[in-house]
Amino acid sequence: MENLKEFNIPVNGITIHGVKIGEGEPFLLLHGHPESCRMWHKLIPELSRHFTVVAADLRGYGDSGRPEDVPDHSNYSKRVMAEDMIALMQSFGFSSFHVMGHDRGARVAYRMALDHPEVIEKMVLLDIVSTYDMYENTNRDFVKALVQWFFFAQEAPLPEHMIAASREEFFRYSLHIDRYHSENDTSAAAFPEEIYRDYLRCYTPEVIHSICEEYRAGETIDRALDEVDLKAGRKITADTLVLWGANGLVERFFDPVACWKKFGDQIHGHSLPCGHFIPEEAPEALLAELRSFLRYSE
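Reading the sequence shown from the start, the letters are residues 1 to 298 in the UniProt record's numbering.
Structure, rendered in structure tokens:
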């Protein structure tokens, strides 16, 4: 895409990779698992006409750097990952910005909004509830449907070895392709071959280990931070749009708006007619929501 600039910026002892394009208010885009900054490829052409778009690979994912392991997994906490992104945006001269995150990237976004409310103008969270709610609502059906939350968090190196031994099968499972053999499947057509192959290129043993470390941090540090904020009554102050897939597991197990209202006062949203990977399955529906929420025209 013309004018799309790739970057590798040193922050917090690692290098963050991503792309930057456009002019206007800054808009940070944060991908989820098992993807990279390329997940926004269907949205960037329109968004870049109205915003300075920064799409980054989270630490440990895609082509970003990976920190040294520490016993408590804190190098992959959402608090640290949020600090990466604030430093990245500051390196471009942005002290505040809009942010949209999907899946794991959305967890980084809401932690950023809780820890550093001054940097967030408006926030969009795609297909998640809080880490706290995910673990508090665990039951048999939930564990069967979201096995990766518990499997990836097992002690190293067992998950890493098992995933690497069937790398593409686990990767397709994580993309929900042929996963449920039901209406919850993600169509492979949502992922163009070139994008799919680039995601798979990045799904190396080193990245798999980083992903597992990030899930371990989720089960421990991130969960605890959410609980502390809830007990303290600390709230997200940013205007927040919550969207989720009507065919996905968030819809099946949660009332997302009610869950998020425990964490913020300006929460609104609804489902969209798709599964988990909203930016790739339903880009036009998502763009329509963004036009209304961020008040720009097509």
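Quick reminder that beta carbons are idealized off the backbone N, C-alpha and C, glycines included. For clarity, every value in this text was computed on a predicted model and none was experimentally measured.
Buried versus exposed call for residue i [16 or more other C-beta atoms within 10 Å across all chains shown]
i, result
"Ala-159", "For the record, residue 159 in the displayed sequence is Pro; it is not Ala. Flag for Pro-159 reads buried."
"Pro-157", "exposed"
"Arg-295", "exposed"
"Val-228", "exposed"
"Lys-5", "exposed"
"Lys-20", "buried"
"Glu-2", "exposed"
"Val-53", "buried"
"Pro-26", "buried"
"His-41", "buried"
"Val-143", "exposed"
Residue nearest to residue i in terms of C-alpha spacing, selected from the options
i, options, result
"Ser-271", "Cys-212, Arg-252 and Lys-261", "Arg-252"
"Phe-254", "Leu-114, Asn-139, Thr-15 and Leu-230", "Asn-139"
"Leu-28", "Lys-78, Phe-97 and Met-134", "Phe-97"
"Ala-188", "Arg-201, Glu-280 and Leu-88", "Glu-280"
"residue 312", "Gly-101, Ile-9, Leu-88 and Ser-297", "With the chain running from 1 to 298 in the structure shown, residue 312 is simply not present."
"Gln-266", "Gln-148, Tyr-132, Arg-107 and Lys-122", "Lys-122"
"Arg-107", "Leu-287, Phe-263 and Leu-290", "Phe-263"
"Ile-172", "Pro-192, Asp-226 and Leu-200", "Going by the sequence as given, residue 172 is Arg instead of Ile. Considering only alpha carbons, the answer is Leu-200."
Per-residue DSSP class, three states only, for residue i
i, result
"Gly-60", "coil"
The alpha helix (DSSP H) enclosing residue i, as first and last residue numbers
i, result
"Phe-97", "It is not in any alpha helix (DSSP H) - Phe-97 instead sits in the beta strand (DSSP E) that spans 97 to 102."
"Asp-84", "78 to 91"
"Asp-69", "Run containing Asp-69: none; DSSP gives neither H nor E here."
Residue span of the beta strand (DSSP E) that contains residue i, given as start and end
i, result
"Glu-25", "25 to 30"
"Thr-131", "Here Thr-131 belongs to no beta strand (DSSP E); instead the alpha helix (DSSP H) covers 131 to 136."
"Glu-6", "5 to 11"
Cutoff 8 Å: residue i Cβ touching any chain D Cβ
i, result
"Asp-57", "Given the protein chain composition of this structure (a single chain), no chain D is represented."
Query raised in the report: Can you find at least 3 beta carbon pairs, one from the region 211 to 230 and one from the region 55 to 73, that sit closer than 8 Å?
Result: The region 211 to 230 makes contact with the region 55 to 73: 3 or more CB pairs, one atom from each, lie closer than 8 Å.
Query raised in the report: Does the region 199 to 212 come close enough to the region 234 to 250 to have 3 or more Cβ pairs within less than 8 Å?
Result: Taking a cut-off of 8 Å on C-beta distances, the region 199 to 212 does not touch the region 234 to 250, as fewer than three cross pairs fall below it.
Report task. Would you check if there are 3 or more beta carbon pairs closer than 8 Å linking the region 108 to 124 to the region 40 to 47? Result -> A contact is defined here as three or more CB-CB pairs under 8 Å, and the region 108 to 124 fails this definition with respect to the region 40 to 47.
Report task. Report yes or no: do three or more beta-carbon pairs, one from the region 54 to 73 and one from the region 124 to 142, lie closer than 8 Å? Result -> Contact fails: fewer than three Cβ-Cβ distances are below 8 Å.
Report task. Spell out a yes or no on whether the region 255 to 262 and the region 161 to 170 are touching, meaning 3 or more CB-CB pairs, one atom from each, closer than 8 Å. Result -> Inter-segment contact for the region 255 to 262 and the region 161 to 170 is absent: fewer than three beta-carbon pairs are separated by less than 8 Å.
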